[in-house]
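Every letter in the sequence shown is one number past the one before it in our numbering, and letter 265, counting from 1, is 258. First up is the structure itself, then whatever we jot down about it.
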Amino acid sequence: MKVSVIGCGYLGAVHAAAMASLGHEVVGVDVDPIRVAALAAGRAPFYEPDLDELLARTGRAGRLSFTTDIEDVKGASVHFVCVGTPQSADSDAADLRYVEAVFAALVPVLQPGDVVAGKSTVPVGTAEGHVAEVEAAGARLVWNPEFLREGYAIRDTLSPDRLVYGLAPGDATSAAVLDAVYARQLDAGTPRIVTDLTTAELVKVAANSFLATKISFINAMAELCEVAGGDVGTLADAIGLDPRIGRKFLGAGVGFGGGCLPKDIRAFSVRAHELGADSAGGLLREVDAINLRRRAHVVDLVQNELGGLVGARVTVLGAAFKPDSDDVRDSPALDVALRLASAGADVVVTDPRAIDSARRVAPGLTYVADLEDAVRGADAVVLLTEWPQYRDADPVRLGALASRRVVVDGRRVLDRAAWEVAGWRVRVIGSADGPMGILSAG
Ligand code: UDX
């Protein structure tokens, strides 16, 4: 089947390559000629494991091409809308300018029988506002949200947990068209939920809101553990053994960031307010507030340990919002580094992948690529992104380089006993200042 993918950022580039790998003939469209040239040469403009290889392979096979010309989508039977919906510059609402621009450009080139499949995460009601113009062109509009995680984007696209089709009233044909696109996933037993446009839009924001809520829930428990003298990791293990709760996304620490969770919960609460359901939005405002408190808390921990931040050399391990990514959008690690610097610390940031992207948004910080060079002379080391190379770093070697052996574990991944044996004073976010509790599962 011939399909187009409009918007070749994170979602679109992965979706285009994944659709081509399923055997479809794919044309990707983006307004940025530099991005189009990179993708056409088999290079993703961001780091995602295996994506370059998939782009190159499907490109060589002649099933994937990229263009800046929207006219080139003619002949495709499904057009996937994959542009971003970032947070607005001046409010918590989603900025829909890219979605609006796609519809303005795409509708005039639609052909009767085409299906427009929205994948962008949009405020509820957005799709309904475009049904009439798409149908006037003889085409159909469906909403088909995407749930991919950075770092696992190809796997999540090719083997999703579920497929969701949101259909406009009276649409009896588009589900079969999407079934043909996703035939391989459906054959593999992927559950498929067919619903209306509104519910499909809400499924995506509700899923991200739930994940964010789960993280902030455990971080609220971490706040309690810290003052009461408990250990949030043991607590999470214990409650996570209840299958109704589950252990996933109960990782306490410096909280969530990235291009999705923070902006999606904010957009959700703005939309809830607009629709007269402000109390529902209130839940997510609290989730956001708990999340942001964790960042301030890490800064306080470092300050307390050092007895002041002015002039102190603080090494921050991690800039990306999570490991296996070079994405620093709303990254807790980079935010904490900036907060430490504005409190007067002399901050050095290291990260295996994200230094270039971090430098673009926070040029005032000092970046050092090598872990040992970064730790040399540090008064405190703060782990904020749980890259394996930081989790597994040798505390004896690093201890010989640091000025003072003070480490704050903002992701709860260090082997506390090993660091203490190596002479480090260890503070673990979400644990009392003492040995951690131990789970007895027996
Ligand atoms: C998320 C959703 O998981 C995905 O389904 C959606 O399509 C896009 O948004 P992503 O932003 O790639 O994906 O990252 P995710 O793995 O969900 O992590 C988000 C943030 O939460 C990261 O900053 C991570 O460090 C943090 N996190 C995650 C925790 O703090 N604790 C956890 O237990 C899990």
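Each residue gets a CB set at the ideal place from its N, CA and C atoms; glycine is no exception.
By the C-beta criterion, the segment 49 to 63 is judged to be in contact with the segment 24 to 33, since at least 3 inter-stretch pairs fall below 8 Å. In this model, residue 255 and residue 274 are separated by some 13 Å (Cα to Cα).
Judged by DSSP secondary structure, residue 5 falls within the alpha helix (DSSP H) whose first and last residues are 3 to 14.
Looking at the DSSP output, residue 418 shares a beta bridge with 399. Straight-line spacing of the CA atoms in residue 200 and residue 369 works out to 42 Å. In the three-state scheme derived from DSSP, where H, G and I count as helix and E and B as strand, residue 64 is classed as helix. Secondary structure at residue 380: coil, using DSSP grouped into helix, strand and coil. Ranking -2, 131, 90, 45 by CA distance to the CA of residue 65 puts -2 first. If you draw a 10 Å sphere on the C-beta of residue 258, you find 16 or more other C-beta atoms in it, and that means buried. Taking C-beta atoms as the reference points, residue 315 and residue 250 count as a pair closer than 9 Å. In the same chain as residue 7, and ignoring 5 residues on each side of it, the C-beta atoms closer than 7 Å to its own belong to 41, 44, 141, 146, 147, 150, in chain order. Remark: the shortest separation between the CB of residue 41 and any heavy atom of the ligand UDX does not fall under 8 Å. Between the beta-carbon of residue 312 and that of residue 422 there is about 18 Å, and that puts the pair past the 8 Å contact cut. About 26 Å separates the beta carbons of residue 280 and residue 350, which is beyond the 8 Å limit, so they are not a contact pair.
Boundaries of the alpha helix (DSSP H) around residue 208: 190 to 221.
Of the heavy atoms belonging to the ligand UDX, none sits nearer than 8 Å to the Cβ of residue 406. Short of 7 Å from the beta carbon of residue 352, and not among the five residues preceding or following it, lie these beta carbons of its own chain, in chain order: 360. The DSSP-derived three-state label of residue 256 is helix. Here residue 159 carries a strand assignment [DSSP, helix/strand/coil]. When only Cα atoms are considered, residue 52 and residue 229 end up about 45 Å apart. No residue range can be given for residue 23, since it is assigned to no beta strand (DSSP E) and is classified by DSSP as neither H nor E.
Given a length threshold of 3 residues, each whole run of the beta strand (DSSP E) inside the segment 39 to 87 is given here in chain order: 57 to 60, 71 to 74. Distances taken from the Cβ of residue 112 to the heavy atoms of the ligand UDX include none shorter than 8 Å.
Placement of the Cβ of residue 253 at a distance of less than 8 Å from at least one heavy atom of the ligand UDX is found.
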